[in-house]
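Enquirer:
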Amino acid sequence: MSIRYGVSLLTDPDFTARAYRARQLICGQYACWAAEMHMLHMPMSDYFPLDAGEAGATEAQLAAELATLADRYRRVSPRFPIFNRGITTTRTSESDGNIWIDFSPEVVNESLYRLQSMVVDLLERNPAVSCERRVFGSDFPPQIPLMSHADLPDSVFDSALDFARAITDDLKVSQITRAWRLTLTRFESNAAGEDWSGGRWATDLSWQAIGSYSL
Numbered sequence: 182m183s184i185r186y187g188v189s190l191l192t193d194p195d196f197t198a199r200a201y202r203a204r205q206l207i208c209g210q211y212a213c214w215a216a217e218m219h220m221l222h223m224p225m226s227d228y229f230p231l232d233a234g235e236a237g238a239t240e241a242q243l244a245a246e247l248a249t250l251a252d253r254y255r256r257v258s259p260r261f262p263i264f265n266r267g268i269t270t271t272r273t274s275e276s277d278g279n280i281w282i283d284f285s286p287e288v289v290n291e292s293l294y295r296l297q298s299m300v301v302d303l304l305e306r307n308p309a310v311s312c313e314r315r316v317f318g319s320d321f322p323p324q325i326p327l328m329s330h331a332d333l334p335d336s337v338f339d340s341a342l343d344f345a346r347a348i349t350d351d352l353k354v355s356q357i358t359r360a361w362r363l364t365l366t367r368f369e370s371n372a373a374g375e376d377w378s379g380g381r382w383a384t385d386l387s388w389q390a391i392g393s394y395s396l
């Protein structure tokens, strides 16, 4: 069993409920289940491993550090608003199509970007964490995935994009929500092995929330 961890931002329950329903309909309509293997979340980090020899203790330490970070941030900017520009796509190949809610506005949301930078700094300081430093930007945008790693022909992917836009409009997925909680999650997958890129985890991913901290 291959194990990785991730830190995510959860949005307020009303927005999450609408976006979750949209994701369910999109994934079901096009039989692309990778996005639905996850909770409805905004990744704040890539998947990362912890030192296997001290995983239990390191997991608890990391959870405590994230709790402290969230508490400190809540005192400065409680439940800060975040804005999205609607639906965006990335498609590196025909076998890897992605549709997501884009939270990278033209004017940077300082509270969101500052929080993500603080999470990255926290992970970087931990010697048991092994991951590439990635801050929000063009190659790592703030997003909530609605379809991930879809293997669809061009015409079908185009129809999925039209469908996603219509569904999010019909369900009134708002362009504004609020930060709700910061969460630490442990992921497990046999299919991924040591390479978690490209959705290799999608056939058998399971996950457990290790900690969830109010913002």
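Letter by letter, the sequence shown follows residues 182 to 396 of my numbering.
Think of the CB as a built atom: it goes at the ideal place given N, C-alpha and C, for glycine as much as any other residue.
Values in this document were obtained by computation on a predicted structure and should not be read as measured data.
#1: Verify whether the separation of the beta carbon atoms of I207 and F264 is less than 8 Å.
#2: Taking only the alpha-carbon atoms, compute the straight-line gap between D376 and W361 and give it to the nearest angstrom.
#3: What residues are listed by DSSP as bridge partners for W361?
#4: Here's the rule: buried if 16 or more other CB atoms are within 10 angstroms of the residue's CB, otherwise exposed. What is V257?
#5: Which whole-angstrom value describes the C-beta separation of A347 and Y211, a residue pair presumed to lie in contact below a C-beta threshold of 8 Å?
#6: Please specify which runs of the alpha helix (DSSP H), each continuous and at least 4 residues long, are wholly inside the region 286-328, giving them in chain order.
#7: Select from F344, Y294, P326 and F338 the residue whose C-alpha is nearest the C-alpha of T197.
#8: Assign S226 to one of two classes, buried (16 or more other C-beta atoms within 10 Å of its C-beta) or exposed (fewer than that).
#9: Taking a contact to mean a Cβ-Cβ separation below 8 Å, would you say L243 touches L365 in this structure?
#10: May I ask you to list the residues that DSSP assigns as paired with S191?
#11: Tell me whether V316 is buried or exposed, calling it buried when 16 or more other Cβ atoms sit within 10 Å of its Cβ.
#12: From what residue to what residue does the alpha helix (DSSP H) around S336 run?
#13: If you compare alpha carbons, which of A251, P262, P224 and P334 is closest to N290?
#14: What are the start and end residues of the beta strand (DSSP E) that includes Q389?
#15: Taking Cβ positions, are S183 and A373 nearer each other than 8 Å?
#16: Under 6 Å Cβ to Cβ from T485, same chain only, skipping five residues before and after it: list those, please.
#17: Ignore the nearest five residues each way along the sequence and tell me which others in S276's own chain have a CB closer than 6 Å to its CB.
Expert: In terms of the structure at hand:
#1: no
#2: 31 Å
#3: Answer by DSSP bridge pairing: none, since W361 is not bridged.
#4: exposed
#5: The Cβ separation is near 13 Å, so there is no contact.
#6: 291-306
#7: P326
#8: The residue is buried, with at least 16 neighbouring Cβ atoms inside 10 Å.
#9: yes
#10: A small fix is needed here, since residue 191 is Leu in this sequence, not Ser. According to DSSP, L191 bridges with R362.
#11: Burial call: exposed.
#12: D335 to D351
#13: P262
#14: S387 to S395
#15: Cβ atoms of S183 and A373: closer than 8 Å.
#16: The requested residue 485 does not occur in the structure, where the chain is confined to residues 182 to 396.
#17: D332
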